[in-house]
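Notes follow the structure.
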């Protein structure tokens, strides 16, 4: 049974958020084990994408691993829904750093590339040898991100985002070169660049007019001020100055706000859209399906 489209009361563009299940927080160990096992299967992720589509989602913001990539490839064969790629996959990269070291982590990504991508990556690295030797943060981040992006071949990617962990480190250090490199790379690929951050005011301060190069800034927005730094009033003041650039995250305030009310709040601010996590999608889809069954 399929839920009616628009059950979530879309605030603009509704976006499904996907990332490796093991990188999420869970209320219990048993919930973690069950959820990670379930979403290790591409068919389960594909089914989630279909539920989100039925509820009105028209883009997927994704940190991509092997199961997510396989699911999105299958999903895009049937649905004209773009992927907004978040790179690099920091959960996997940190795990590889621990197990393999910096060189091993980079090598593991390089060897997954096709021959043409290997050549492009190698030539790009040669032109930046000085920065690589200096262990320049912006250069290292860009190289890892480019290798992961090359591994997404076959997917229709329309926006490119840095992983929020990288973003927060760069913003804290005022390293604007990281964002310039991302925007430049997106322009060369003919796609848009975006930012995912819990510190949108810091992003505006660090980037200044360059913030205009980013088509979307995904940041917390909810009626409780949850994860809105430094506070709700300051963040909403920024959002109101350019609402078409901002997309709400953390809309249910960690589950404290019912999804329809949460999205109504976002809609009231006139923001460009909202990101919803799998748990919200599944709850809303079940509720819509139960309502259809009762009718």
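Numbering (our numbering), first residue to last: 2 to 296. All residues carry an ideal CB built from backbone N, CA and C; glycine is no exception.
- About 5 Å separates the Cβ atoms of residue 62 and residue 85, confirming a contact at the 8 Å cut-off.
- Taking 3 residues as the shortest admissible run, the region 203-233 contains the following complete beta strand (DSSP E) segments, listed from N- to C-terminal end: 215-221.
- Contact between the region 270-281 and the region 247-262 is established, with three or more Cβ pairs separated by less than 8 Å.
- Within a 10 Å sphere around the beta-carbon of residue 34 sit fewer than 16 other beta-carbons, which makes this residue exposed.
- For residue 194, the beta-bridge partners assigned by DSSP are 161, 215.
- The region 155-168 and the region 194-214 touch, with no fewer than 3 CB-CB distances between them shorter than 8 Å.
- Annotation: residue 206 to residue 175 spans about 9 Å, alpha carbon to alpha carbon.
- Rounded to whole angstroms, the separation of the alpha carbons of residue 235 and residue 242 is 11 Å.
- Taken through DSSP and simplified to helix, strand or coil, residue 255 comes out as coil.
- 8 Å or more divides the Cβ of residue 266 from the Cβ of residue 217.
- Secondary structure note for residue 22: it is in no beta strand (DSSP E), with a DSSP letter that is neither H nor E.
- Shown here, residue 40 sits in coil according to DSSP, grouped into three states, outside any helix or strand.
- Leaving aside the five residues that flank residue 273 on each side, the residues in its chain whose CB is nearer than 8 Å to its CB run, in chain order, 13, 14, 217, 244, 245, 246, 247, 248.
- Put simply, the backbone Cα of residue 271 is about 27 Å away from that of residue 287.
- DSSP, reduced to helix, strand and coil, places residue 60 within a strand of the structure shown.
- Bridge pairing for residue 85: 62, 160 [DSSP].
- Annotated three-state conformation of residue 249 is strand, per DSSP.
- A straight line joining the alpha-carbon of residue 237 with that of residue 268 spans about 13 Å.
- Classified as buried, residue 21 has 16 or more neighbouring CB atoms from the shown chains inside 10 Å of its CB.
- Just so you know, the alpha carbons of residue 28 and residue 189 end up roughly 42 Å apart.
- The beta carbon of residue 183 is closer than 7 Å to those of 161, 163, 194 in its chain, skipping five residues each way along the sequence.
- Burial is judged here by how many other beta carbons sit within 10 angstroms of a residue's own beta carbon; residue 152 has at least 16 and is buried.
- Within 10 angstroms of the beta-carbon of residue 54 lie 16 or more other beta-carbons, which makes it buried.
- Per DSSP, the beta-bridge partners of residue 15 are 58, 275.
- For residue 177, the secondary structure class from DSSP, reduced to helix, strand or coil, is helix.
- A distance below 8 Å separates the beta carbons of residue 156 and residue 70.
- Here the alpha carbons of residue 16 and residue 283 stand approximately 14 Å from one another.
- Per the C-alpha coordinates, the member of 92, 172, 173, 88 positioned closest to residue 144 is 88.
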